[in-house]
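In my numbering, the protein residues as written are 869 to 1089. A short write-up of the structure that comes next.
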Amino acid sequence: MPKIATEGAAPFVPEGRSLPVLREAVQHCQGCDLYRHATQAVFGELETHQNATRPKVAMMMIGEQPGDQEDRQGRPFVGPAGKLLDQCLDEAQIDRHAVYVTNTVKHFKWEPRGKLRIHKKPGMQEIRACRPWLRAELETVHPQLIVCLGAVAAQSLLGSKFKLTQAHGEIERAEGLPPIIATLHPSAVLRAQTDEDRHRNREILVEDLKQAAAYLHHARS
Ligand code: URA
Ligand code: SF4
């Protein structure tokens, strides 16, 4: 049967739900056009247990899409935004090694500017097309809490009316999903125009991450 692009990623997602199987299969996805111009798909990972089939994790963190470095290295949040995320996680006393880190969309969307590849925001169609991968990760990893980094991830799970500026740092509920906390994307810190904005955005991100850690702490005790 031909695999029709309008179905999105669903026809490419295998039945066998283990992370290594999914991670291998995502490289063959043609659920939308983004695979055409990317180096590779970047699947989620639990940094220290890349070969674990069904790792137990408390927290799953969802970004937007791979950036230039992620696209080259094949791993999520390893570029500038990832470095900043690492610092903020440290400050919130969250061990990244215990967090499953992934993205809403698995291929890098970009446009050329001179020799650079400039990030382009994924559209609704790509977000929807890629959702079966995110769903497969959620079903496999079963986190107790989802942390959405930025509006793309948050709106993908909570609907396009979700307002990050108003509702960041709060526990949100969506049917069939674990509790969700949304916060700013680290690139909102990197891209801030003034020192003041940069400082404030960073503080919001760290505070919301602390909320996420506190939620899990209470959930466990
Ligand atoms: N930004 C994201 O949203 N995800 C990455 O993996 C890198 C940068
Ligand atoms: Fe498939 Fe997602 Fe890549 Fe589109 S972005 S080709 S749906 S993995």
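Virtual Cβ for every residue (Gly too), placed ideally from N, Cα, C.
Ala960 in three-state terms, based on DSSP: coil
Three or more C-beta pairs below 8 Å linking the stretch 1036–1055 and the stretch 1014–1026: yes
Close beta carbons around Gly935, own chain, < 7 Å, minus the five adjacent residues each side: Gly947, Ala949, Phe976 and His987
Neighbour-count burial assignment, Ser1028, 16 or more Cβ in a 10 Å radius: exposed
Cβ-heavy atom distance, Asn1069 to the ligand URA, below 6 Å: no
Through-space distance from Tyr968 to Cys900, alpha-carbon basis: 24 Å
Span of the beta strand (DSSP E) around Cys1016: Leu1013 to Leu1017
Cβ-heavy atom distance, Phe945 to the ligand URA, below 6 Å: yes
Selected residue, minimal CA-CA separation from Thr970, among Thr1062, Ala1060 and Val894: Val894
Identified DSSP bridge partners for Tyr903: DSSP lists no partner for Tyr903.
Cα-Cα separation between Arg891 and Gly912, rounded to whole angstroms: 8 Å
Contact test: Glu979 Cβ vs the ligand URA heavy atom, cutoff 6 Å: For the ligand URA, not one heavy atom lies less than 6 Å from the Cβ of Glu979.
Reference Ile930; option with closest CA among Glu1075, Cys998 and Arg1066: Cys998
heavy atom of the ligand URA below 6 Å from Pro934 C-beta: Yes, the Cβ of Pro934 comes within 6 Å of a heavy atom of the ligand URA.
For Ala1050, the residue or residues it bridges with in DSSP: Cys1016
Beta-carbon proximity of Ala926 to Leu1077, cut-off 7 Å: no
Environment of His1086 [buried if 16+ CB atoms lie within 10 Å]: Of the residues assessed, His1086 falls on the exposed side of the cut-off, its CB having fewer than 16 other CB atoms within 10 angstroms.
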